[in-house]
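A quick write-up on the structure given underneath.
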Amino acid sequence: MVLDLGAQPGCEHFAEPGDPGPDPVFGLRMWWCTGCGLAQLAEDPGLPETVRGVEPEAMRNQAAKVLSRLSAEGWMRAGETAVEFGSPHGSAWLPKVLARGLKRASERADLVLDVYGLLHEPDQEEALRRRAEQLAPGGLLMLQLFSLGSVLRHGQWDELRHGHYAYWSLPALDQALRRHGLGIHRVWSYPLAGGTAVVLATHDPQPDKETQAACAEEVAAGVTDRDALRALQERADTDAAALRRWLEDRPRRVVGYGAASRSVPLLCHAGVDVELLPAVADASPDKQGRRIPGTRIPVIPPSYLAAGQPADMLLLLPQLLDEVRRTWPEIEARGGRWISVNDVLAGRT
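In full-length UniProt numbering, the protein residues as written are 1 to 349.
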């Protein structure tokens, strides 16, 4: 066991308006297999993801960048076939691919897409088998995921959530893919959500120097080192204490922004409730009027902030900074300030 966040609510359990709680809680722990190298949920209650968020501009831009690069490098040609394994994160990529001239596959596909889908599969070996079987000879399996190396490098312990079953390192994923006749051919790195990997897997992998270096960097980060992985626990406890202390010491009112699933482990591990954070704004109409799971903190429309008194805006999703500043200039015009949670945890505020 390398990380234990104690009893946590389901990160997507945004209670109905009028439901005062308490919300059900379940153990949230990460174990690491010394044999295959996979970091995985130790247990999961199997809760459904019933409340949908609004897809951020950053995720839409990410899709456009990756698809354009696939096309430019010859991995996506008009007339070829494609299929997608879906995910609760963001919109499907398959319609975007079909709009570029590819056809929906009826059997095996030249291009198999998986954008965070693997993360939500309880049986990883079976999930990889199904993706490999769907791929035509000479085809490409594209996986977009949060790698374990990125989690370690950036201390992203809050990636651990119920419903997120698997945290692959690049070396462990390559080993697992080879059991199904595939291997990592390329790895592209993007800054989305603090660090996102796009893995291109083929039947005849020939990794270039950059891909080999990416795998080596993950080993150097500690993905095969139990002690390095266990350091996530200290980081989680330190971050939680830092956030709580910062909220307690602020002279101005603080309101959060971003009622995303990744906000839940941080707020709950820090013991933050409505006394320290009176509200969290979010653009999703489905979440507005509900509560942050495990707390009494209400989710409010961003328009309330634009019309209200000045406040320090704690941005729980730092990658949205440019988007929210552009969308809600009234907040700063009225004297409000955007503060990234990453800056808070790093002591930069």
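The C-beta atom is built at its ideal place from N, Cα and C for all residues, glycine as well.
Predicted, not measured: the structure shown is a model, and the values here were computed from it.
Quick one: measure Cβ to Cβ for residue i and residue j, integer angstroms, because I've assumed they're closer than 8 Å.
i: Gln-124; j: Thr-196; result: At roughly 19 Å, the Cβ-Cβ gap does not stay under 8 Å, so Gln-124 and Thr-196 are not in contact.
i: Glu-218; j: Ser-147; result: 7 Å
i: Gly-37; j: Thr-238; result: The pair is not a contact, with the Cβ atoms about 26 Å apart (cut-off 8 Å).
i: Leu-152; j: Ala-221; result: 5 Å
i: Asp-44; j: Gly-163; result: 7 Å
Given this structure, state the Cα-to-Cα distance separating residue i from residue j, to the nearest angstrom.
i: His-120; j: Pro-88; result: 8 Å
i: Pro-293; j: Gly-347; result: 26 Å
i: Leu-243; j: Leu-98; result: 44 Å
i: Gly-90; j: Ala-64; result: 13 Å
i: Arg-100; j: Ser-189; result: 23 Å
i: Gln-288; j: Gln-40; result: 31 Å
i: His-154; j: Gly-194; result: 7 Å
i: Arg-129; j: Gln-62; result: 27 Å
i: Val-299; j: Trp-75; result: 42 Å
i: Glu-49; j: Val-115; result: 17 Å
i: Cys-33; j: Arg-250; result: 42 Å
i: Gly-183; j: Pro-207; result: 9 Å
i: Val-275; j: Leu-102; result: First, the residue type needs correcting, since residue 275 is Glu and not Val in the sequence shown. Roughly 53 Å between the two C-alpha positions.
i: Gly-86; j: Gly-117; result: 5 Å
i: Arg-337; j: Ala-311; result: 7 Å
i: Val-272; j: Trp-31; result: 26 Å
Per the DSSP calculation, residue i is bridged to which residue(s)?
i: Trp-168; result: Per DSSP, none; premise fails for Trp-168.
i: Tyr-190; result: Thr-196
i: Tyr-257; result: Ala-281 and Leu-315
i: Lys-103; result: Thr-81
i: Arg-291; result: Pro-298
i: Arg-337; result: Asp-312
i: Gly-183; result: Thr-202
i: Ala-220; result: BP columns for Ala-220 are empty, so no partner.
Go to residue i, then tell me how far its beta strand (DSSP E) extends in each direction, as first and last residue.
i: Tyr-116; result: No beta strand (DSSP E) contains Tyr-116, which DSSP labels as neither H nor E.
i: Met-59; result: From DSSP, Met-59 is part of no beta strand (DSSP E) but of the alpha helix (DSSP H) over 57-72.
i: Pro-88; result: Where Pro-88 is concerned, there is no enclosing beta strand (DSSP E), given that its DSSP letter is neither H nor E.
i: Arg-29; result: 25-32
i: Ala-136; result: 135-145
i: Gln-40; result: 39-41
Ends of the alpha helix (DSSP H) at residue i?
i: Trp-246; result: 226-249
i: Asp-343; result: 341-345
i: Asp-322; result: 321-327
i: Pro-265; result: 263-269
i: Pro-95; result: 94-98
i: Leu-3; result: Segment 3-9 is the beta strand (DSSP E) holding Leu-3; no alpha helix (DSSP H) there.
query: Counting pairs of beta carbons, one from the region 57-68 and one from the region 319-326, are three or more of them closer than 8 Å?
result: yes
task: Please confirm if the region 250-261 is in contact with the region 291-306, defined as three or more CB-CB distances below 8 Å between the two stretches.
output: yes
- request: Tell me, please, whether the region 245-252 touches the region 169-186 by the rule of three or more beta-carbon pairs shorter than 8 Å.
  value: no
query: How about the region 9-22 and the region 263-280: do they share at least three Cβ pairs that are nearer than 8 Å?
result: yes
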